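Just so we're aligned, residue 32 is where the sequence shown starts under this note's numbering, counting upward by one. Glycine included, each C-beta is placed from N, C-alpha and C at the ideal position. Predicted, not measured: the structure shown is a model, and the values here were computed from it. For reference, the structure is listed below as structure tokens.
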Amino acid sequence: MSTAEEFAQHLATVVAGTVYTSKLPAKPDSADDQWSVVADGGDPATGGNVLLWKQQLNLRVSYRHRKSREVYDANQDLLDALAIFSPTQSPAVLSKTIVPMSDTDEDPEGRHTASWQVQLSISIK
């Protein structure tokens, strides 16, 4: 299981909405209170002379809801989920960087959407 899929499962335990590991669905499956977690690249593993011990991962997290207030409140939900996330393949999350609330927009169905770029640096010992 990838770290993106693992974070999607973790996010589903923290938030009340539906969490996808692909882009947010289009009609007829689109609805309120939907999250999406997609792997968005990263850098190769780095570390010492013999062992590689650090991996950088990028995730694109999106959220959609009809009420714009819910979209802005989702920022705190994401921060809460990241604060307690620990991948099973990693003994430690070394750093977390979040570029918040980019691409806030209204989709054709009148739902507000927002997305965040999340960068995790994890220990891979």
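Counted within 10 angstroms of its Cβ, other Cβ atoms place residue i as buried (16 or more) or exposed
{"i": "L125", "result": "exposed"}
{"i": "A145", "result": "buried"}
{"i": "T34", "result": "buried"}
{"i": "A39", "result": "buried"}
{"i": "R142", "result": "buried"}
{"i": "V130", "result": "exposed"}
{"i": "A105", "result": "buried"}
{"i": "L55", "result": "buried"}
Pick from the options that is closest to residue i, judged by C-alpha positions
{"i": "G78", "options": "Q87, G72, A70 and Q107", "result": "Q87"}
{"i": "D111", "options": "M32, T34 and A43", "result": "A43"}
{"i": "Q150", "options": "R91, T49, D104 and Q107", "result": "R91"}
{"i": "A57", "options": "D138, Q148 and E101", "result": "D138"}
{"i": "D108", "options": "T52, I153, W147 and D71", "result": "W147"}
{"i": "I153", "options": "R97, G141, G73 and H143", "result": "G73"}
{"i": "V45", "options": "S61, L113 and Y103", "result": "L113"}
{"i": "S99", "options": "V50, H41, E37 and T135", "result": "T135"}
{"i": "T128", "options": "E36, N89 and E101", "result": "N89"}
{"i": "A123", "options": "E37, K85, V50 and S53", "result": "K85"}
{"i": "V102", "options": "G48, E36 and H41", "result": "G48"}
Anticipated Cβ contact below 8 Å, residue i with residue j, distance rounded
{"i": "R95", "j": "Q65", "result": "5 Å"}
{"i": "I155", "j": "A76", "result": "6 Å"}
{"i": "S93", "j": "S61", "result": "The Cβ separation is near 12 Å, so there is no contact."}
Alpha helix (DSSP H) segment containing residue i, residue limits
{"i": "S121", "result": "Unbroken run through S121: none, as it is neither H nor E."}
{"i": "T52", "result": "Careful: T52 lies outside any alpha helix (DSSP H) and carries neither H nor E."}
{"i": "V45", "result": "T34 to V45"}
First through last residue of the beta strand (DSSP E) which encompasses residue i
{"i": "S152", "result": "H143 to S154"}
{"i": "A114", "result": "It is not in any beta strand (DSSP E) - A114 instead sits in the alpha helix (DSSP H) that spans S99 to A114."}
{"i": "A57", "result": "From DSSP, A57 is part of no beta strand (DSSP E); its letter is neither H nor E."}
{"i": "L82", "result": "That residue, L82, is in no beta strand (DSSP E); it is neither H nor E in DSSP."}
{"i": "A70", "result": "Q65 to A70"}
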